[in-house]
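For the sequence shown, this note's numbering assigns the number 797 to the initial residue and increments by one for each residue that follows.
The beta carbon of each residue, even a glycine, is placed where N, CA and C say it ideally should be.
In this text, all values refer to a predicted model and were calculated from it rather than measured experimentally.
First the structure, in the form of structure tokens, and then the observations on it.
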Amino acid sequence: MDEVNGAEAARSYERRAGALAIAAGIGGIVYSVAFLGGVVAGWAPELGKLVSAIALLVGGLLTVAVMVAIYRRLLSAAAAMALLGLALVVIGATGATVHGGYDLANAINPPATDPLADANLPSPIDPRGLLTFGLSGLGLLVLMLKARSTGVLTPRVAALGALVGALMIVVYLGRLIVLDPTNPLVAGPAALTGLILSPAFYIWLGLELRHAHEEHR
797 MDEVNGAEAA
807 RSYERRAGAL
817 AIAAGIGGIV
827 YSVAFLGGVV
837 AGWAPELGKL
847 VSAIALLVGG
857 LLTVAVMVAI
867 YRRLLSAAAA
877 MALLGLALVV
887 IGATGATVHG
897 GYDLANAINP
907 PATDPLADAN
917 LPSPIDPRGL
927 LTFGLSGLGL
937 LVLMLKARST
947 GVLTPRVAAL
957 GALVGALMIV
967 VYLGRLIVLD
977 PTNPLVAGPA
987 ALTGLILSPA
997 FYIWLGLELR
1007 HAHEEHR
């Protein structure tokens, strides 16, 4: 009876995680449009800062909830790597959430001066996206490679997730080395990942998680 209840609880969580994954995919598009278009391109800087901050804050929380579902699927086949991947994702998502909260506070009540921005210094919370892109991407890469090799996700979904993880690391390295967010070497991978590949992955993953739940009903 306990095993049956545990399996049902896991399927119920996956259904909810699937909905959250779809929300994360949509939120990723919102963040990318607000930040790349509103802030970087200068279409609407103040609005872009506000919207991107909210999307970053919420997106970090959604990502953790979704990746817990993948972690649970991997437990029996690759517990150690699943824990490593989830830990990296949680650390990265925590950084993204705190970064988003910091930006949101500044967007709602702009400071009189911003010495970090004026001096083009990295954020002490998330320097050049180390947590938001670097560690989050590494954690996603670890989880998706194991998900593909163990078969807990369909190969195409896992492969797309691994590609997104790798590109997130590239985005971080671009921001770290090139610095200028308008440089094509930075803006190109960021736009490709944020506007297309990452939303596609999370929405596809969400549909797969929800479909798996429906199959067991």
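Q. Taking the alpha-carbon positions, what's the Gly947 to Ala819 distance?
A. Position 151 of the sequence shown, counted from the start, is the residue given in the question as residue 947. Position 23 of the sequence shown, counted from the start, is the residue given in the question as residue 819. So the alpha carbons of these two residues sit roughly 24 Å apart.
Q: Please name the residue, chosen from Ile965, Leu939, Asn979 and Leu972, that lies closest to Ala874 on a Cα-to-Cα basis.
A: For this step, residue 874 is matched to residue 78 along the sequence shown. Taking only the C-alpha atoms, the option nearest Ala874 is Leu939.
(Q) Beta-carbon within less than 7 Å of Val860's beta-carbon, same chain only, minus the 5 sequence neighbours each way: which residues are those? (A) Here residue 860 refers to the residue found at position 64 when the sequence shown is read from its first residue. If we look at Val860 and ignore the five residues flanking it on each side, its Cβ neighbours are Val885, Val886 and Ala889.
Q.
Gly990 and Leu931 - do their beta-carbons sit closer together than 9 Å?
A. Residue numbering aside, residue 931 sits at position 135 when the sequence shown is read from its first letter. Residue numbering aside, residue 990 sits at position 194 when the sequence shown is read from its first letter. The answer is no: Cβ separation not under 9 Å.
Q | Start and end residues, alpha helix (DSSP H) containing Val967 | A | Locating residue 967 in the sequence shown gives position 171, where the first residue counts as 1. Taken as a continuous stretch (DSSP letters only), the alpha helix (DSSP H) holding Val967 covers Pro951 to Ile973.
Q. Do you know how far the Cα of Phe997 is from the Cα of Ala806?
A. Here residue 806 refers to the residue found at position 10 when the sequence shown is read from its first residue. Here residue 997 refers to the residue found at position 201 when the sequence shown is read from its first residue. Roughly 21 Å between the two C-alpha positions.
Q) Of all the options Leu912, Ala962, Leu1005 and Ser945, which has the alpha carbon lying nearest to the alpha carbon of Leu936? A) Here residue 936 corresponds to residue number 140 of the sequence shown, with the count starting at 1. Looking at the Cα atoms, Ala962 is the closest of the given residues.
Q) Going by alpha carbons, who is nearest to Lys845 out of Ser828, Ala987, Gly925 and Val864? A) For this step, residue 845 is matched to residue 49 along the sequence shown. Comparing Cα positions, the closest option is Ser828.
Q: Check whether the Cβ atoms of Gly896 and Leu853 lie closer than 9 Å to each other.
A: Translated into the one-based positions of the sequence shown, residue 896 becomes position 100. Translated into the one-based positions of the sequence shown, residue 853 becomes position 57. Yes, the pair counts as a contact, with Cβ atoms nearer than the cut-off.
(Q) Whole angstroms are fine: how far does the CA of Leu912 sit from the CA of Met877? (A) As a working note, residue 877 is residue 81 in the sequence shown. As a working note, residue 912 is residue 116 in the sequence shown. Distance between the alpha carbons of Met877 and Leu912 is about 37 Å.
Q. Between the stretch 915-929 and the stretch 960-977, are three or more C-beta pairs nearer than 8 Å?
A. yes
(Q) Within a Cβ cutoff of 6 Å, which residues of the same chain sit near Ala958, ignoring the five residues on either side of it in sequence? (A) One-based indexing of the sequence shown puts residue 958 at position 162. Here the set comprises Leu937, Met940 and Leu941.
Q. Relative to the C-alpha of Ala955, which residue among Ser994, Ala851, Ala903 and Ala883 is closest?
A. Counting from 1 along the sequence shown, the entry for residue 955 is found at position 159. Looking at the Cα atoms, Ser994 is the closest of the given residues.
(Q) Cutting at 7 Å between CB atoms, please list the residues of its own chain near Ala1008, excluding the five before and the five after it. (A) Sequence index remark: in the sequence shown, residue 1008 carries index 212 (1-based). Glu810.
Q: Please list, in chain order, all residues of the same chain as Ala908 whose beta carbon is under 6 Å from its beta carbon, the five residues on each side excluded.
A: Along the sequence shown, one-based indexing puts residue 908 at 112. Counting only Cβ-Cβ distances below 6 Å, and skipping sequence neighbours, we find nothing.
Q: Measure from the alpha carbon of Val894 to the alpha carbon of each residue in Met863, Gly881, Leu857 and Thr950, then state which is nearest.
A: Stepping through the sequence shown from its first residue, residue 894 is reached at position 98. Of the candidates Met863, Gly881, Leu857 and Thr950, the one whose C-alpha sits nearest the C-alpha of Val894 is Leu857.
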